[in-house]
């Protein structure tokens, strides 16, 4: 099992984002909205791209995430992440171009060494897509926070917000809602350097802004979730200048 | 599926839709004259609002020319929306600049477009998207009032409908700039109810009202709803 990773400093939010097509009512700016259900849709499926201009002094990227997509895993599907520093880039042979592996619901691509480029482009061919458009709810470009020591315990909670009322003899009447997941993590050793990183993260996201978490970095594809914190963070001094730390978060809607 | 079928199912998961026809005063915007041969038309970027449902010049409706900018050029008192560019082109009655407040072409021009809101959103395939509109889940469904009929003095002793007010979440400030830029008062507001996964045609309209006064705070806005005859 790999250590937990937090993907919270999303360079997409400060980028200039364009796409080669947008369906009416689904503008490309939706990609920068924290609601992943407020998605962007293209007009076509044969050769679509999205471009992210990270500005003149771009920060390094180690993760690319494409969340809440409807790309299909067909033999003619092409997924490629590309990057360049050339404003006139033709994208025929950009400085960086790597194939992205398809995964249901979310695409994740990890760069083992940080990549620093101003222009990033995600190119997709999915000509057989039955929807007739390509959808993305929330992309991520950026680095990650991985603490030196992994969490000590992880408690998964399954939550049901359905509204329940009962008759006097307990027959239940339910206003049904969707079940979702929550997690409680306990870290028994957080070193001061990591505590400072966590503090930077909490200052940015607080309880009000969703971020991506990878619970097991040895299994990126299956353990990535879009979550928000549900409790304040307490760092309790322990021994040798270290801290105990607990955090709770739940899936974002 | 009929409404009576839904409510007989204990897990029908009701969804409430609110559609408001919002007004936008646009004569004070910065207009650009179209190039010849369409230079009787002027345009603004209307992409944020989308295609108008109607456009008025000093209270009189302009004719929609859905075909082309050339049709708009050929007919005074008309408008054309180019969905590819998001531009709203207007040919005023006097062929002057819509924003000109100095001469005889002194207009108040309003465009009207619909805002689409709902009580909740879902993942595909149940997402609340109808006619190309993704409904914004800002409605506080607990605010939907009872519909009352009451004898009213204002209408010669006949009955009037009292709808109370509907409330929308505004903690993220979505409505702040909209209430500053657009006109929500005195506009048609349609309330519909349906079930999760139901097509738009199956939604039942339970109120068609006119918006009244608006209470606006950092966390919510409340819009009074009035009988349409007021």
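Residue numbers (this note's numbering), protein chains in the order written: chain Z, 356 to 608; chain L, 96 to 325.
Yeah, the Cβ is synthetic: ideal placement off N, Cα and C, and Gly gets one too.
Keep in mind that this is a model prediction, so the values were computed, not measured.
When DSSP states are grouped into helix, strand and coil, residue 554/Z belongs to the helix group. Under the 8 angstroms criterion on CB atoms, residue 178/L is classed as interfacial with respect to chain Z. Against chain Z, the beta carbon of residue 292/L has no neighbour under 7 angstroms; the closest one sits roughly 12 angstroms away. For the stretch 519-543 of chain Z, the residues whose beta carbon sits under 9 angstroms from a beta carbon of chain L are, in order, 528, 529, 530, 531, 532, 533. Sequence-distant Cβ neighbours of residue 241/L in its own chain, meaning closer than 8 angstroms and more than five residues away, are 259. For residue 228/L, the C-beta contacts it makes with chain Z under 8 angstroms involve 380, in order along the chain. In the DSSP assignment, residue 437/Z falls within the beta strand (DSSP E) that extends over 433-439.
Uninterrupted alpha helix (DSSP H) stretches at least 4 residues long and entirely within the stretch 201-283 of chain L occur at 269-276, given in chain order.
Taking residue 498/Z as reference, the option from 492/Z, 467/Z, 453/Z, 395/Z with the minimal CA-CA separation is 467/Z. Proximity of residue 106/L to chain Z, defined by a Cβ-Cβ separation below 8 angstroms, is satisfied.
A distance of 8 angstroms or more separates the beta carbons of residue 514/Z and residue 602/Z. Scanning chain Z for C-beta atoms nearer than 9 angstroms to the C-beta of residue 299/L yields nothing, as the closest lies near 18 angstroms away. Between residue 457/Z and residue 434/Z, the beta carbon gap of about 6 angstroms places them in contact (Cβ cut-off 8 angstroms).
By the Cβ neighbour-count rule, residue 586/Z is exposed, with fewer than 16 other Cβ atoms within 10 Å of its own. Per the coordinates, the alpha-carbon of residue 356/Z lies some 58 angstroms from the alpha-carbon of residue 282/L. Interface residue (Cβ-Cβ distance to chain L less than 8 angstroms): residue 425/Z is classified as such. Only those residues of the stretch 380-414 of chain Z whose C-beta falls short of 7 angstroms from the nearest C-beta of chain L are listed: 380, 381, 392, 393. Within chain Z, the residues whose beta carbon sits less than 7 angstroms from that of residue 218/L are 392, listed in sequence order.
Taking a contact as a CB-CB distance under 8 angstroms, the pair residue 362/Z and residue 472/Z does not count as one, their CB atoms being some 18 angstroms apart. Residue 399/Z has its alpha-carbon roughly 39 angstroms from the corresponding atom of residue 305/L. Residue-level contact by beta carbon fails for residue 116/L and chain Z, as no gap is shorter than 8 angstroms. When C-alpha distances from residue 184/L are compared across 154/L, 140/L, 209/L, the shortest belongs to 140/L.
Residues of chain Z whose Cβ lies closer than 9 angstroms to the Cβ of residue 145/L are, in chain order, 379, 380. The way I'd put it, the stretch 271-280 of chain L does touch the stretch 114-126 of chain L; three or more beta-carbon pairs between them come closer than 8 angstroms. Within chain Z, no residue has its beta carbon less than 9 angstroms from that of residue 280/L; the closest one is some 25 angstroms off. Short of 6 angstroms from the beta carbon of residue 216/L, and not among the five residues preceding or following it, lie these beta carbons of its own chain, in chain order: 223, 232. Taking a C-beta cut-off of 8 angstroms against chain Z, none of the residues of the stretch 180-212 of chain L qualify.
Neighbours of residue 236/L in chain Z, taken as residues at a C-beta separation under 9 angstroms, are lacking, since the least C-beta distance is about 10 angstroms. For residue 222/L, the neighbours in chain Z by C-beta distance under 9 angstroms run, in chain order, 392, 394.
Residue pairing from DSSP leaves residue 167/L without any beta-bridge partner.
Separation of residue 465/Z and residue 477/Z (C-alpha to C-alpha, rounded to the nearest whole angstrom) is 14 angstroms.
Distance check between residue 441/Z and each of 408/Z, 414/Z, 415/Z, 425/Z places 408/Z closest, using alpha-carbon atoms only. Of all C-beta pairs linking the stretch 534-551 of chain Z to the stretch 501-513 of chain Z, three or more are shorter than 8 angstroms, placing the two stretches in contact. The Cβ atoms of residue 168/L and residue 201/L do not sit closer than 8 angstroms to each other. Counting only unbroken stretches of 3 or more residues, the beta strand (DSSP E) elements lying wholly within the stretch 519-574 of chain Z are 527-530, 535-545, 566-569, in sequence order.
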